[in-house]
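Chains as they are written, first to last, in our numbering: chain A, 1 to 559; chain B, 1001 to 1226.
Report on one structure; see the data block that follows.
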C-alpha cells in the first residue's frame, strides 16, 4: 500500500489545533492534557510522600496535606484516568475500525473543552482564599456540606468535577457511536480489534454510571448553596450509594481499555493472533455487567448495606478477570516473543495489576475488609490496580502507538530504563503500604506517631516515589529526543495486526487511501500469513528454500 | 474465653491465612509462567517478525479454566460467609450482618465530634472525654463483650481498633453498634483511631484503650461512678 500523501505540511496554528474536528486532533489534545494532569497529580503525591518520609510534621501543615490528598485523588481518578482512555480511544478506535472520522466530532470537541475547563475549575480552588477542597476524592456528606466545609474551593470542586465528567461522557458517546456506525466493510462486531471491544465494555459502563455522577454533583451543589438535600435521615448513606454507584464502575472504566491495549501489544509482540478472542470479549461484557452491582463493597463498615450480597458480586469479578489473564498467557504460549518496550510495559501490567486484583479479592471479604478498609492496605491495593494497571497499560499503549501518532520512534534504551525504574519503583512505593496498613496505619493522615515504628517503611515508600519521578522524567526526555532525532517509524514499525498500521504515520486527514480486506480481528496478520503460505508453496515448488524465515512480514502489508 | 463469644482476631487471622496463601500462590504461578514463556518462546533475533504458528483459541479449555476460577471463588465466598457466621463475628459485626450482642454485654455510648471522643457508661454514670492535653481512654473489662453504641455530633467518623482487626463507621443522626471483646488485659496507646476522614485534625483523633480484670474494672467503675 502506498503511503497516503499528507494534506498539509504547514504547521497548524493554535486556533486550528484547538478547534479541529479531526478525531486525531481531539484524541491527541485530550491525551496530552490528561498526561499534564497526571504529572500535576504526581507532584502532589511527591509532596505528600516527602511529608510522610518521617514521623512528625516537617514542611506541610495538616490543612495543606488534606488539600493535597484530596486533589491528588481527584486529579488521578477523575481528571487524568478517564479522560486519557477517552483520548486514546478517540484517536485509535476510528483507525482500528477503518473509519475516516468519528461520529459527532463537534460533540467530542465540546467534550474535550468541557473536560479541560472542568479540570482547570477544580484546580483553581488552590487560588481561592480558603484553598482547594479538602474532603477526599469521594466528598462524603456531611463533611462536604456548606457548614462543615465552607468556601469557594469546594464549590469549584463540585462544578469542575461535573463539567469534566460531562466532557468524558460526551467523548465516550462519540466513540460509542463511531463503533456502532463507522466500521469498515467486512468488519463485523466479532472482527473488531480487542481494544475496540474493551472500549465497548468501557462505554457501556460509562453510559450507566456517568449520568449518576452528574446528578450527584448537581444535588451536592444544591445542598451546599441552595437547600439541604442529603441532610435528612439516611442522607449520608444515600450520598455514598450514589457516589459509589458511579465510582465503582469508574475504576473499571480506567483500566478496561488498557486490558484491550495490553492484549493487542502482547499479541503483536508474540507474533500471534490474540488467544481466546471470543471468550475474552464475553468476559469483558460479563465484567462490565457485574461492575454495576459491586459498589457497596466500599460501604461494608457503614452498617447500611447487605455485606454478603456485595461480597459475593465483588468476588465474582475474579472470574472474568481470570479469563483475561488466561488469554494473555495463552497468547504468549508458543508465540515468538519480541521484547520491545511496549511488550515490557505490557508484562509489567500483567505482573503488577495482578497484585491489585488479588488484593481486591482480599478486600472483597467483609471480615478482612473490616480491618483493611480506609487503611494503607486499601491504598496499596488500588495503587496496584491504578498504577500497576492503568499507568503501566497506558505506557504500553503509548510506546506501541507513539510511532503511529508522530511518525517517529521513541528510544528503546530510554524506554527500557523507564520501564525498569517504574517496575522497581512501583514495588518499593506500594508494597510497604500493605505492611503499614496491616499494622494499623490509616490513610489520609499527614502524620503518624513516632512510637509506632513506621518510619522505615514510610521512608522506603518515599524513595520509591522519587524513583517513579525519575522514570517519568526519562519519558519526557524520550519524547523530546524523538521529536528532534527520532528515526522515522514508517507505517508499521512493529508488525502490527490491526488496521491503524495499514496507513501512513501519522495518518492523513481521512486516515486511509484504501483498506485491506477485513476477514478477522487481525486483518494485517491474515495478509502476512497468506503471504507466508504462498511463499512456502512457491519455495516448495522451486525446491525447498527455508520457508519459515520468509522475509515477507518485514515488508509493508499489501493492500 | 466465655462461652459463645469468639475471638474475632483469631477468626480474622484464620481467614486471612487462606486468602493470603491462595493469592501468593496464584501470583507466583503466573509470574513463573510469564518468565518461562518469555525465555522459552523468545524470538531468535529481533528481526524475526514471521507469524508464529498455533491455534488462536480453545474454547473448551478456556471454559474449563473459567470453571476452575469459579470454584476458587466459590470456596473463598463460602469461607467468608462461614466466618461471618462464626461466634466472633456474630457478636462483633451487627446491623445487616445479622449479629446480636449478648444480653449481658457491658454498654458504652460513644460520641464522636471533631476531633474528640466521649465515652459514656450509662450503667455507672461515668463520662470520659479527651482534653487538649491528652486523648480519652476507653476502659474495658477483660474477656467480656462490650457493646459500643456510637453516634456523631457532626460529620462521619469511624472507630478502628487494629488490635481487634475491626472497625465501624460512626454517623451523625444514626446509631451504629459494634461489640468488642478483649481476651487479655493490657494498654494500647492510640489503640483506637478515627478512620473516616473528618477534616483538619482527623489524623489526631485517637483514643487509648485500657483493658482491666473484672475486679479492677469494678473498682474503677465504683471510683469513677456516681
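Glycine is no exception: its CB is placed at the ideal position from the N, C-alpha and C atoms.
When the distance is taken between beta carbons, is residue j closer than 8 angstroms to residue i?
i	j	result
residue 346/A	residue 416/A	no
residue 294/A	residue 270/A	no
residue 278/A	residue 335/A	no
residue 1187/B	residue 1092/B	no
residue 253/A	residue 82/A	yes
residue 407/A	residue 502/A	no
residue 91/A	residue 28/A	yes
residue 498/A	residue 523/A	yes
residue 507/A	residue 403/A	no
residue 1062/B	residue 323/A	yes
residue 203/A	residue 176/A	yes
residue 418/A	residue 326/A	no
residue 67/A	residue 131/A	yes
residue 1011/B	residue 1086/B	yes
residue 276/A	residue 1057/B	yes
Please confirm whether residue i has its beta-carbon closer than 8 angstroms to some beta-carbon of chain B.
i	result
residue 576/A	Nothing about residue 576/A can be read from this structure; chain A reaches only from 1 to 559.
residue 498/A	no
residue 323/A	yes
residue 429/A	no
residue 426/A	no
residue 86/A	no
residue 191/A	no
residue 536/A	no
residue 487/A	no
residue 333/A	yes
residue 274/A	yes
residue 67/A	no
residue 446/A	yes
Just checking: is the beta-carbon of residue i within a distance shorter than 8 angstroms of some beta-carbon in chain C?
i	result
residue 1165/B	Protein chains in the displayed structure are A and B, and chain C is not among them.
Using 7 angstroms as the cut-off, classify the Cβ of residue i as near or not near the heavy atoms of the ligand HEM, replying yes or no.
i	result
residue 486/A	The ligand HEM is not among the ligands present in this structure, which contains no ligands whatsoever.
Using a beta-carbon distance below 8 angstroms, is residue i in contact with chain A?
i	result
residue 1124/B	no
residue 1054/B	yes
residue 1094/B	yes
residue 1174/B	yes
residue 1179/B	no
residue 1002/B	With a pLDDT of 46 at residue 1002/B, under the threshold of 50, the predicted position of this residue should be treated as unreliable, though the coordinate-derived value follows. So, not an interface residue.
residue 1107/B	no
residue 1162/B	yes
residue 1060/B	no
residue 1071/B	no
residue 1050/B	yes
Applying the 10 Å Cβ sphere with the 16-neighbour rule, what's the burial state of residue i?
i	result
residue 1225/B	exposed
residue 1198/B	buried
residue 32/A	exposed
residue 1195/B	buried
residue 1071/B	exposed
residue 365/A	buried
residue 75/A	buried
residue 1184/B	exposed
residue 451/A	exposed
residue 1106/B	buried
residue 307/A	buried
residue 1025/B	exposed
Would you list the residues sitting across from residue i in a DSSP beta bridge?
i	result
residue 1198/B	Bridge partners of residue 1198/B: none, in fact.
residue 1009/B	BP columns for residue 1009/B are empty, so no partner.
residue 1186/B	1211/B
residue 1121/B	1126/B
residue 571/A	For chain A, the structure presents residues 1 to 559; residue 571/A sits outside this window and is missing.
residue 1160/B	1167/B and 1193/B
residue 1093/B	1178/B
residue 1112/B	1117/B and 1152/B
residue 1137/B	1208/B
residue 1107/B	1147/B
Given 8 angstroms, three or more beta-carbon pairs between the stretch 159-171 of chain A and the stretch 105-115 of chain A: The count of Cβ pairs closer than 8 angstroms, one atom from the stretch 159-171 of chain A and one from the stretch 105-115 of chain A, reaches three, so the stretches are in contact.
Three-pair Cβ contact test at 8 angstroms for the stretch 120-137 of chain A versus the stretch 183-195 of chain A: Contact annotation: the stretch 120-137 of chain A does not touch the stretch 183-195 of chain A, with fewer than three C-beta pairs closer than 8 angstroms.
contact_flag[the stretch 410-429 of chain A, the stretch 384-395 of chain A] where n(CB pairs < 8 angstroms) is 3 or more: Three or more beta-carbon pairs separated by less than 8 angstroms link the stretch 410-429 of chain A to the stretch 384-395 of chain A, which places the two stretches in contact.
Three CB pairs or more closer than 8 angstroms across the stretch 282-302 of chain A and the stretch 1162-1181 of chain B: When Cβ pairs closer than 8 angstroms are counted between the two stretches, the stretch 282-302 of chain A is seen to touch the stretch 1162-1181 of chain B, the count reaching three or more.
Cβ contact check for the stretch 1118-1138 of chain B and the stretch 1081-1092 of chain B: 3 or more pairs under 8 angstroms: Verdict: no, contact absent.
contact_flag[the stretch 220-231 of chain A, the stretch 147-163 of chain A] where n(CB pairs < 8 angstroms) is 3 or more: Of all C-beta pairs linking the stretch 220-231 of chain A to the stretch 147-163 of chain A, three or more are shorter than 8 angstroms, placing the two stretches in contact.
At least three beta-carbon pairs within less than 8 angstroms, the stretch 1135-1147 of chain B to the stretch 1199-1214 of chain B: At 8 angstroms Cβ cutoff, the stretches touch.
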